[in-house]
Amino acid sequence: MSSNIGSTKDSPRNLKARDISVYFSGIDGPSGTIAQAHVLRDSRIIFNSSERWVDGSQSESFDIVTVHEIGHALGLGQSNVPGAVMYYDYGDYGAVRRNLTPDDINEIKHLYNHHNHTNG
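Here UniProt numbering is used: position 49 in the sequence shown is 49, and no number is missing along the way.
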């Protein structure tokens, strides 16, 4: 079973003053988009309050979805690498998505190193 994942791919803004707000709201009902992140002046992570959130390796695992959405809040987009925290489809990879993979680490390094080198 795959779940829809809301996403954004924006560049980090105002890195010295990053705030991330996390809350629950009805997004589109159960079995649709399970969470989404927006990067604006501050970051907002909205969890679908209609989902049945659990601990574990299922697609509605709160900890796995939280780490994924924090990645979006930091400016990361979806990954095409199965098992990566930022992989676009939860599918069967939930259990392995608790730890950052080299793909996740390289993307965040690229995003923030690039920003630091271009802005001093």
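The C-beta atom is built at its ideal place from N, Cα and C for all residues, glycine as well.
Backbone secondary structure at I27 - three-state DSSP: In the structure shown, I27 sits in coil (DSSP, three-state: anything other than H, G, I, E or B).
Reducing DSSP to helix, strand and coil, say where A37 ends up. strand
Beta-carbon contacts of D104 that lie in its chain and below 6 Å, excluding the five residues immediately before and after: A84, V85, M86
Residue range of the unbroken alpha helix (DSSP H) whose run includes E69: 62–73
N48, enclosing beta strand (DSSP E) - first and last residue: Unbroken beta strand (DSSP E) run through N48: 43–48.
Return helix, strand or coil for Y87, following the three-state DSSP convention. strand
In this structure, what does DSSP give as the bridge partners for V54? S61
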